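In structure tokens:
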């Protein structure tokens with residue numbers, strides 16, 4: 001092993017520019033000669049190229065490939081010379097280790113559409129996957145390699161609580177911006193593209209100063225907004241937004257933007273940096289008031305600790321749903337599915353020894369997981385409930401996959417974890433089922449012998465609710481889930 005190979009081996013990895021300076025200093029040769037020597041390096045020395053500025057590469061020894069030091073040095077190299085990669089890693093970390101596939105482009109500084117001089121977001125993601133830096137889950141999320149992640153196991157419920165809260169806040173932000181005449185009516189879109197880049201919310205705006213004219217025709221500007229909640233929002237966290245705006249302005253000189261960053265709290269330096277770049281910082285507490293801010297905190301806590309709260313303090317759930325309906329003013333229609341599992345959990349909290357909401361269980365002999373909406377444990381039985389809280393019927397394609405894959409895979413885990421208990425599966429749908437679905441569900445219910453099975457439509461769900469001595473729960477179920485079903 002040469003001295004240079006040994007030097008590289010003692011590090012997790014090193015950028016080619018830093019290595020060239022080391023060679024130049026220790027061997028008394030020119031920087032150009034040092035760089036040529038690096039180019040000639042072969043196995044066991046390897047390189048990662050195409051992800052760093054100024055055509056730099058990441059140099060590492062084969063002995064260190066994908067160990068903890070390798071990933072530490074690689075992330076540091078991204079922070080200094082691979083900003084687009086660092087933005088992705090930083091975004092997933094900010095979101096506690098997991099973020100939905102649909103949302104991640106919002107926090108990227110890479111365009112989702114072809115833009116001269118930029119690598120597309122999709123191409124960047126494939127490269128990060130190739131180098132085992134990020135992974136895609138079966139639940140439609142991006143996560144980090146365990147050596148990079150700050151948590152060994154993400155808190156799935158906490159992450160979901162934040163995700164639901166973001167949807168509510170963005171819905172309310174759209175309503176607010178329309179009510180004050182900031183944006184065009186019915187033109188707002190979530191996870192939408194402006195200037196080649198994706199934002200959490202966009203809408204055309206005809207405010208004076210943002211309008212241009214093409215002859216006599218008005219050309220609107222755009223309100224573009226992203227949201228950061230549930231973590232420490234500092235300069236590192238907000239840097240993607242400033243870089244994204246700068247990239248749009250550099251590639252499209254004529255586009256007029258009104259940039260907004262929605263936050264639940266922010267550091268002074270980050271706030272000043274945003275203001276100096278012309279960004280409107282929208283504090284949730286200042287925008288909607290203290291009651292709204294506390295509601296969001298309560299929602300996140302309830303979703304995070306759903307099983308324990310529903311079992312020991314179920315009235316907290318009823319109180320939350322009442323406040324949600326009043327404060328959001330009926331604008332949570334798209335969130336029925338996210339919150340319906342809590343309603344089902346409330347029902348079963350009265351008839352169970354223990355209850356778990358949104359539990360992810362391993363699929364035997366694979367590295368995949370399956371999410372159980374509601375897991376109910378009793379002395380002799382374990383029940384798995386699939387929750388569909390929407391105003392449209394579940395189609396047969398979904399039922400076929402649910403029965404042939406999800407039920408089968410969860411049964412494998414149940415047999416291993418609760419071998420002495422009888423298994424039961426239920427699917428609750430406030431929107432009912434299509435005719436083909438009902439036919440398949442009936443056949444399954446009559447044929448299965450190794451486990452119990454049932455399916456519940458709107459009428460069945462009402463009957464279950466009537467079994468509970470809770471007028472408040474029946475009122476929430478009626479107003480929040482069943483009112484608009486036809």
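In full-length UniProt numbering, the protein residues as written are 1 to 486.
For each residue, glycine too, the CB sits at the ideal point set by N, CA and C.
Note that this is a predicted model, so its numbers are computed, not measured.
Top-ranked residue by Cα proximity to residue i, from the options
i: residue 492; options: 425, 207 and 110; result: Lying before the first or after the last residue shown, residue 492 is absent from the chain, which here runs from 1 to 486.
i: residue 431; options: 287, 128 and 395; result: 395
i: residue 231; options: 90, 73, 30 and 250; result: 90
i: residue 190; options: 398, 8, 196 and 170; result: 170
i: residue 378; options: 423, 407, 147 and 78; result: 423
i: residue 295; options: 168, 346, 419 and 361; result: 168
i: residue 304; options: 164, 30, 50 and 208; result: 164
i: residue 141; options: 92, 188, 150 and 107; result: 92
i: residue 300; options: 288, 317 and 311; result: 317
i: residue 134; options: 50, 320, 104 and 117; result: 104
i: residue 83; options: 136, 291, 151 and 50; result: 50
i: residue 254; options: 179, 212 and 462; result: 212
i: residue 367; options: 139, 10 and 21; result: 139
i: residue 5; options: 32, 24, 194 and 59; result: 59
i: residue 252; options: 413, 116 and 380; result: 116
i: residue 177; options: 201, 195 and 216; result: 201
i: residue 63; options: 9, 293, 197 and 157; result: 9
Backbone secondary structure at residue i - three-state DSSP
i: residue 345; result: helix
i: residue 485; result: At residue 485 the pLDDT is 43, less than 50, meaning the model places this residue with poor confidence and gives no usable figure here.
i: residue 90; result: helix
i: residue 52; result: coil
i: residue 386; result: strand
i: residue 118; result: coil
i: residue 172; result: helix
i: residue 151; result: coil
i: residue 46; result: strand
i: residue 112; result: coil
i: residue 402; result: helix
i: residue 213; result: strand
i: residue 391; result: coil
i: residue 468; result: coil
i: residue 228; result: strand
i: residue 305; result: coil
i: residue 158; result: helix
i: residue 4; result: helix
i: residue 82; result: coil
i: residue 106; result: helix
i: residue 397; result: helix
i: residue 126; result: helix
Counterpart residues of residue i in DSSP-defined beta bridges
i: residue 381; result: 422
i: residue 359; result: 372
i: residue 223; result: 203 and 258
i: residue 143; result: 98 and 135
i: residue 185; result: Residue 185 pairs with nothing; no bridge assigned.
i: residue 67; result: Answer by DSSP bridge pairing: none, since residue 67 is not bridged.
i: residue 354; result: 377
i: residue 427; result: 386 and 455
i: residue 218; result: 213
i: residue 59; result: 14 and 47
i: residue 407; result: Per DSSP, none; premise fails for residue 407.
i: residue 197; result: 194
Nonlocal neighbours in the same chain, by C-beta distance under 8 Å from residue i, ignoring five residues either side
i: residue 235; result: 267, 269, 270 and 273
i: residue 154; result: 96, 97, 98 and 143
i: residue 437; result: 393, 394, 395, 396, 398 and 399
i: residue 349; result: 310, 311, 314 and 355
Cut-off 7 Å between Cβ atoms - residues of its own chain near residue i, not counting five sequence neighbours on either side
i: residue 160; result: 303 and 358
i: residue 354; result: 311 and 377
i: residue 283; result: 263
i: residue 147; result: 68 and 71
6 Å Cβ shell around residue i - same chain, five flanking residues per side excluded
i: residue 69; result: 12
i: residue 257; result: 222 and 224
i: residue 56; result: 15, 16, 17 and 81
i: residue 470; result: none
Q | Minimum length 3: unbroken beta strand (DSSP E) runs contained in the region 237-289 | A | Unbroken beta strand (DSSP E) stretches of 3 residues or longer found wholly inside the region 237-289: 257-263 and 280-283, given in chain order.
Q) Which ranges does the alpha helix (DSSP H) cover as unbroken runs of at least 4 residues, wholly within the region 430-460, from first to last along the chain? A) Those alpha helix (DSSP H) runs which fall completely within the region 430-460 and span 4+ residues are 435-447.
Q: Please go through the region 10-44 and give each complete alpha helix (DSSP H) segment of 4 or more residues, from N-terminal end onward.
A: 16-27 and 31-40, all fully within the region 10-44.
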